[in-house]
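Visitor: Heads up, the UniProt record's numbering is the position in the sequence shown plus 8, with the first residue counted as 1. The beta-carbon is built from N, C-alpha and C at its ideal position, and this holds for glycine as well. Here the structure is a predicted model, which is why all the values come from computation and not from measurement.
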Amino acid sequence: RDVAVVLGTRPEIIKLAPLIRLLGERARVVHTGQHYDSALSGTFFANFGLPHPHLLLDGATGPWGRGAQIGRLTAELARAFVEDPPRVVVVQGDTNSTSAGAQAAHYCGIPVVHVEAGLRSGDRGMPEEINRLVVGVLADVHCAATEQAAANLRAAGTAPERIRVTGNTVVEATLMSLPDPADRDRIAREHGVDGPFVLATVHRPENTDRPERLRALLTALAGLGERVVMPLHPRTRAKAKQFGLEHLLDRLDVTEPVDHPTFLALADRARLLVSDSGGVQEEATVLKKPLLVVRTSTERPEAVTAGFSRLVEPGTPLLDAARAELARPDAYDRLRDTASPYGDGTASARIHALATALADGTPLPGTA
Ligand code: UD1
Ligand code: UDP
Numbered sequence: 009r010d011v012a013v014v015l016g017t018r019p020e021i022i023k024l025a026p027l028i029r030l031l032g033e034r035a036r037v038v039h040t041g042q043h044y045d046s047a048l049s050g051t052f053f054a055n056f057g058l059p060h061p062h063l064l065l066d067g068a069t070g071p072w073g074r075g076a077q078i079g080r081l082t083a084e085l086a087r088a089f090v091e092d093p094p095r096v097v098v099v100q101g102d103t104n105s106t107s108a109g110a111q112a113a114h115y116c117g118i119p120v121v122h123v124e125a126g127l128r129s130g131d132r133g134m135p136e137e138i139n140r141l142v143v144g145v146l147a148d149v150h151c152a153a154t155e156q157a158a159a160n161l162r163a164a165g166t167a168p169e170r171i172r173v174t175g176n177t178v179v180e181a182t183l184m185s186l187p188d189p190a191d192r193d194r195i196a197r198e199h200g201v202d203g204p205f206v207l208a209t210v211h212r213p214e215n216t217d218r219p220e221r222l223r224a225l226l227t228a229l230a231g232l233g234e235r236v237v238m239p240l241h242p243r244t245r246a247k248a249k250q251f252g253l254e255h256l257l258d259r260l261d262v263t264e265p266v267d268h269p270t271f272l273a274l275a276d277r278a279r280l281l282v283s284d285s286g287g288v289q290e291e292a293t294v295l296k297k298p299l300l301v302v303r304t305s306t307e308r309p310e311a312v313t314a315g316f317s318r319l320v321e322p323g324t325p326l327l328d329a330a331r332a333e334l335a336r337p338d339a340y341d342r343l344r345d346t347a348s349p350y351g352d353g354t355a356s357a358r359i360h361a362l363a364t365a366l367a368d369g370t371p372l373p374g375t376a
């Protein structure tokens, strides 16, 4: 098992699952434990039939914040990599686990492959943006999902021969998880929705940790006059309770986080998606769904340019934009023929070829 795949949160598990499956016996799955609830972690291992982690750390975000978390994880990962060095370490995305995985590998002299490299929101207030910048400096091979992401890396001074445009692995993860059409209807009914509905997710600190913003967001959703199904991230549930906003949640169809096939079935059957998630911005382009992104900036402008998503502020702008979209007679199928900017479902195969070439010391496939 000479290719260590470091992951720690729900989206990392989902987006690295197709690569772990391709790596087979070569994959050493290292779970940082940042997400520890089965609804955010174990469920997705089961969804994709992944092996149990070969190493599981206790890396939840603690009271001392992300500095302590990244520092502790970096130390524990470095020790594991020194004791039993893999030939390559793969990290994905922009979480604190991603940063720790890249740092530990780099300081141990192990080459780093960064999956979903080159995203930039330009907002240094986002912890993810800082993680992207750090991993961008450390990675040896940058797997950019799009030409735009590759251009961001070149603009940051990354050597072009270390960049490959691979597409985003979320495309094949989505295609693997999406249930058959008949099952999508059944799943929607099991979640209490027979007619039109909106599917919403919220978990970004910019929305959850500011009471006035969370209140505006939930008030807009509750005032839509449409069923709103909302699988609730534990961070959002905790903050709604802390800020006394639970009465607004009572007006929505709130559920625990759902597994990946269920989420995609609901997303496919929804008329409109509302989210601040990164992965959902990409999945909307595979499912051909309109998405209102409740954010002030996005590192995924390709989905906006292609017409899938639009940035909105949480209060009246969200309400107005959602009503306008729901009033469109073509809301269900206006995006049906628009191609996803995130590729065709072959990103993991390309990344597999890159990671194994790096591990074997053979030339990197693909053109720079
Ligand atoms: C993290 C990532 C974010 C990613 C998201 C995916 C960072 C900085 N943030 O945000 O980029 O979009 O994961 O969902 O790495 N909690 C639980 N159970 C769990 C995990 C968390 O209850 O299994 C609660 C805890 O109260 C925790 C809070 O959620 O403090 C936030 O978890 P954390 O991992 O710090 O950040 P996320 O918001 O999940
Ligand atoms: N997702 C899921 N169940 C849910 C909510 C989301 O399976 O209840 C999936 C969704 O399909 C996407 C991923 O989780 O693939 C997005 O994760 P999240 O929004 O937590 O993180 P981000 O993508 O913003 O980093």
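Thinking C-alpha only, which one of Pro71, Gly57 and Arg80 is nearest leucine 65?
Guide: Cα-wise, what sits closest to leucine 65 is Arg80.
Visitor: Going by the DSSP bridge assignment, what does methionine 134 pair with across the sheet?
Guide: BP columns for methionine 134 are empty, so no partner.
Visitor: Just to confirm, is the Cβ distance from alanine 273 to isoleucine 195 under 8 Å?
Guide: Yes. Within cutoff.
Visitor: Which whole-angstrom value describes the C-beta separation of valine 206 and glutamate 169, a residue pair presumed to lie in contact below a C-beta threshold of 8 Å?
Guide: With a Cβ gap of about 45 Å, valine 206 and glutamate 169 do not count as contacting.
Visitor: Would you give the residue range spanned by the alpha helix (DSSP H) that leucine 65 belongs to?
Guide: Here leucine 65 belongs to no alpha helix (DSSP H), and DSSP marks it neither H nor E.
Visitor: So, with DSSP's three-state summary, where would you put threonine 304?
Guide: Three-state result, threonine 304: coil.
Visitor: Need the endpoints of the beta strand (DSSP E) that phenylalanine 317 sits in, please.
Guide: First, the amino acid is wrong: residue 317 is serine here, not phenylalanine. Residues 317-320.
Visitor: In whole angstroms, what is the alpha-carbon distance linking valine 121 and glycine 369?
Guide: The alpha-carbon atoms of valine 121 and glycine 369 are separated by roughly 14 Å.
Visitor: Which residue comes first and which comes last in the alpha helix (DSSP H) that contains residue 7?
Guide: With the chain covering 9 to 376 only, the question about residue 7 has no answer from this structure.
Visitor: List the residues that DSSP assigns as beta-bridge partners of leucine 280.
Guide: Leucine 280 pairs with Val206.
Visitor: In the structure shown, what three-state DSSP assignment does glutamate 220 receive?
Guide: Helix.
Visitor: Shorter than 7 Å, the distance from the beta carbon of glycine 50 to the closest heavy atom of the ligand UD1, or not?
Guide: Flag unset: Cβ of glycine 50 not near the ligand UD1.
Visitor: Measuring from the CB of histidine 60, is there a heavy atom of the ligand UDP at a distance below 7 Å?
Guide: Flag unset: Cβ of histidine 60 not near the ligand UDP.
Visitor: Taking Cβ to Cβ, would you say aspartate 261 is nearer than 8 Å to valine 237?
Guide: Yes, the pair counts as a contact, with Cβ atoms nearer than the cut-off.
Visitor: Is it right to say glycine 75 is buried, meaning 16 or more other beta carbons lie within 10 angstroms of its own, or is it exposed?
Guide: So glycine 75 ends up on the exposed side.
Visitor: Report the residue from His360, His241 and Leu319 whose alpha carbon sits nearest the alpha carbon of residue 8.
Guide: The chain is shown from 9 up to 376; residue 8 falls before or after that span and cannot be answered.
Visitor: Quick one: residues in its chain with C-beta nearer than 8 Å to the C-beta of proline 135, no 5 flanking neighbours on either side, listed in chain order?
Guide: Within the same chain, proline 135 has close Cβ partners Arg74, Asn104 and Pro213.
Visitor: Which value, in whole angstroms, describes the spacing of the CA atoms of alanine 230 and threonine 209?
Guide: Between alanine 230 and threonine 209, the C-alpha separation is close to 14 Å.
Visitor: Quick check on proline 309: does DSSP put it in helix, strand or coil?
Guide: Proline 309 falls in the helix class under three-state DSSP.
Visitor: Between alanine 12 and valine 97, which are expected to be in contact by the criterion C-beta below 8 Å, what is the C-beta distance as a whole number of angstroms?
Guide: 5 Å between Cβ atoms; contact.
Visitor: Just tell me which of Ile171, His211 and Ala330 has its CA closest to the CA of alanine 363.
Guide: The shortest Cα separation from alanine 363 among Ile171, His211 and Ala330 belongs to Ile171.
Visitor: DSSP three-state label for isoleucine 359, please.
Guide: Three-state result, isoleucine 359: helix.
Visitor: Flag this pair as yes or no: are the beta carbons of valine 178 and glutamate 20 separated by less than 8 Å?
Guide: Against a cut-off of 8 Å, the Cβ pair of glutamate 20 and valine 178 comes out as no contact.
Visitor: Identify whether leucine 30 lies in helix, strand or coil by the three-state DSSP scheme.
Guide: Correct three-state label for leucine 30: helix.
Visitor: Below 8 Å on the Cβ atoms is my contact criterion, and I expect histidine 62 with arginine 9 to pass it. Report the Cβ-Cβ distance as a whole number of Å.
Guide: About 7 Å; that satisfies the 8 Å criterion.
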